[in-house]
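Inspection log for the structure reproduced underneath, given as C-alpha cells.
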Amino acid sequence: KKNLVPMINNRLNSISSNETVFNDSKIIYQDALQKSGHNGHLQWDQSTPSPQQTRTRRRRAIIWFNPPFSENVTTKIGKEFFKLLEKHFPARHKFHKILNRNTVKLSYSCTPNIGSMIKSHNRKTLDRTEEDQTLPCNCRNKEQCPLDGQCRAKAVVYHA
Numbered sequence: 802k803k804n805l806v807p808m809i810n811n812r813l814n815s816i817s818s819n820e821t822v823f824n825d826s827k828i829i830y831q832d833a834l835q836k837s838g839h840n841g842h843l844q845w846d847q848s849t850p851s852p853q854q855t856r857t858r859r860r861r862a863i864i865w866f867n868p869p870f871s872e873n874v875t876t877k878i879g880k881e882f883f884k885l886l887e888k889h890f891p892a893r894h895k896f897h898k899i900l901n902r903n904t905v906k907l908s909y910s911c912t913p914n915i916g917s918m919i920k921s922h923n924r925k926t927l928d929r930t931e932e933d934q935t936l937p938c939n940c941r942n943k944e945q946c947p948l949d950g951q952c953r954a955k956a957v958v959y960h961a
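The working numbering puts the first residue of the sequence shown at 802, with every later residue one more than the last.
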C-alpha cells in the first residue's frame with residue numbers, strides 16, 4: 802500500500818492543532834511505519850485544513866405556524882402567538898429546545914376565508930342532482946340484492 806504514508810500524514814496533520822503537537826505524536830506513527838516496512842517520513846503541513854473548518858453546519862429544524870390571513874382581524878396574531886409560546890414554554894421547560902422563537906416561524910397563509918369555504922361546500926352539497934347520488938348496485942348476484950339494487954345508497958338505516 803503505497804498511499805499509507807500520505808494517508809497517515811494527512812490524518813495526523815488534521816488532528817494536530819499545531820506543529821509541536823504534531824511532532825510529539827509523530828514519533829509513534831513513524832516507528833510503526835518503519836517496523837511495517839514503509840520508508841516514508843511524516844512532515845507537518847500547515848495548509849491541511851482542520852476538521853472545524855471543513856465541517857458542514859447542521860440545518861435547524863424549523864416549525865412553521867401558518868394562520869389564515871384576513872384583513873378583518875385587527876389582533877396581531879403573530880405577536881400574541883409568540884407571547885403564548887414564551888409563556889407556556891419558558892427556558893426551564895423540557896420542550897423549550899424544540900419550541901422557541903428561533904425554531905418556530907410565522908407565515909400567513911393566503912387561503913380563502915372561512916365564509917367562502919362554507920359557501921362553496923354548501924353549494925357543492927345542495928346542488929347535487931339525484932342521478933349523482935344513486936350509485937349502481939355492486940353485489941355479485943344482482944337478483945339476490947338485499948336492498949333491491951340500493952345497496953350503495955348513503956345513510957341507510959337497517960331494521961331487524
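We put the CB at the ideal spot given by N, CA and C, even for glycine.
Rounded separation between residue i and residue j - CA only
i           : j           : result
residue 810 : residue 836 : 16 angstroms
residue 843 : residue 863 : 46 angstroms
residue 865 : residue 926 : 33 angstroms
residue 804 : residue 860 : 35 angstroms
residue 806 : residue 856 : 24 angstroms
Where the alpha helix (DSSP H) containing residue i begins and where it ends
i           : result
residue 836 : 820-836
residue 919 : 915-927
Beta-carbon proximity list for residue i, same chain, < 7 angstroms, skipping 5 on both sides
i           : result
residue 940 : 946 and 952
Sequence-distant residues of the same chain with beta carbon closer than 8 angstroms to residue i, five excluded per side
i           : result
residue 831 : 842 and 843
Residue interval of the beta strand (DSSP E) (run including residue i)
i           : result
residue 906 : 905-907
Cutoff 6 angstroms; reference residue i; Cβ partners in own chain excluding five residues on either side
i           : result
residue 912 : 869
Proximity test, Cβ basis, 9 angstroms: residue i and chain D
i           : result
residue 938 : No chain D appears in this structure, which consists of one protein chain only.
Residue i: CB within 8 angstroms of a non-hydrogen atom of the ligand FMN
i           : result
residue 884 : The ligand FMN is absent from the structure shown, which contains no ligands of any kind.
Inter-stretch contact (C-beta, 8 angstroms, three-pair minimum) for the region 838-847 and the region 874-889: Judged by Cβ distances under 8 angstroms, the region 838-847 makes no contact with the region 874-889, as fewer than three pairs qualify.
Inter-stretch contact at 8 angstroms, needing at least 3 Cβ pairs: the region 894-903 / the region 916-930: Remark: fewer than three beta-carbon pairs, one from each stretch, lie closer than 8 angstroms, so the region 894-903 and the region 916-930 are not flagged as touching.
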